[in-house]
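In the UniProt record's numbering, the protein residues as written are 1 to 178. A virtual CB, placed ideally from N, CA and C, is assigned to each residue, including glycine. Just so you know, these numbers come straight off a predicted model, no measurement behind them. What follows is a set of notes on a single structure, which appears directly below.
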Ligand SMILES: Nc1nc2c(ncn2[C@@H]2O[C@H](COP(=O)(O)OP(=O)(O)OP(=O)(O)O)[C@@H](O)[C@H]2O)c(=O)[nH]1
Ligand SMILES: [Mg+2]
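Rendered as C-alpha cells:
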C-alpha cells in the first residue's frame with residue numbers, strides 16, 4: 001500500500017461510517033482526473049485521456065467513503081459543472097499553476113460557478129496543481145489572480161506527479177465527511 005493510501009486509511013479511521021460527496025471541477029488539462037487517480041490508487045501516470053462529460057469514483061478507505069464526481073473541463077462541458085456541484089459536501093477546483101495564460105478564464109469560470117444559488121455556502125478547496133514544474137504560481141499569486149480573497153476560500157499548492165501536499169488535501173476532504 002502506498003504512503004497516501006495508508007494515510008487516507010489512517011485519516012478515515014478517525015471517523016466511523018462517514019461519507020463525503022465531492023465534485024472536482026476546473027479547466028481542461030488542469031489535472032482533475034490525475035488527482036482522482038492518485039488519491040484512489042496512489043499511482044501517478046502520465047497516461048490520462050481528457051474526460052468526456054464526467055467520471056464517477058467511489059473510494060472506500062476504512063470507514064470513510066468519498067464519492068467523487070470528476071467533471072470534464074473543456075468549454076463545452078462547463079455548463080454541466082453546476083449540476084454536479086449541486087448538493088455536494090465540497091467542491092475541489094483544480095488550476096494548472098503553470099499555465100498562467102488561463103488564469104483569467106479559470107477565475108471567470110470559478111466565480112461564475114460560485115454565483116449559482118445552488119452552491120451557496122459550499123466548502124471550496126482550490127488546488128494550484130503541477131508545482132513540480134518550474135514557473136508555477138505560488139498560492140499567493142493564485143489567491144490574487146483568481147480573486148480568492150473575496151470568497152475566503154482555501155488554496156493549496158500541490159502536485160499530482162510528486163504527490164506534494166496531497167496529505168493536506170485528503171485530510172481536508174475527510175473533514176467534510178458526515
Ligand atoms: N507535471 C505534471 N503534470 C500533471 C500533473 N497533474 C496532471 N498532469 C498532466 O496534465 C495533463 C492533464 O491531466 P488530466 O488529469 O487529464 O486533466 P483534467 O483536468 O482531468 O482534464 P479534462 O478531463 O480534459 O478536464 C496530463 O498530461 C497529466 O499527465 C502534475 O501534478 N504535474
Ligand atoms: Mg479529466
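Query	Result
Please report the straight-line C-alpha distance between residue 63 and residue 5, rounded to a whole angstrom.	13 angstroms
Just to be sure I understand the criterion: a residue counts if its Cβ is closer than 5 angstroms to at least one heavy atom of ligand 2. Which residues meet that?	32, 33 and 51
Check whether the Cβ of residue 73 sits closer than 7 angstroms to any heavy atom of ligand 1, and report yes or no.	yes
Assuming residue 96 contacts residue 30 under a Cβ cut-off of 8 angstroms, what Cβ separation, rounded to an integer in Å, is found between them?	5 angstroms
Can you list the alpha helix (DSSP H) stretches of 4 or more residues lying completely in the stretch 86–121, in chain order?	103–114
Comparing the CB of residue 133 with every heavy atom of ligand 1, is any distance shorter than 7 angstroms?	yes
So what does DSSP say about residue 70, is it helix, strand or coil?	strand
Please classify residue 2 as buried or exposed, where buried requires at least 16 neighbouring CB atoms within 10 angstroms.	exposed
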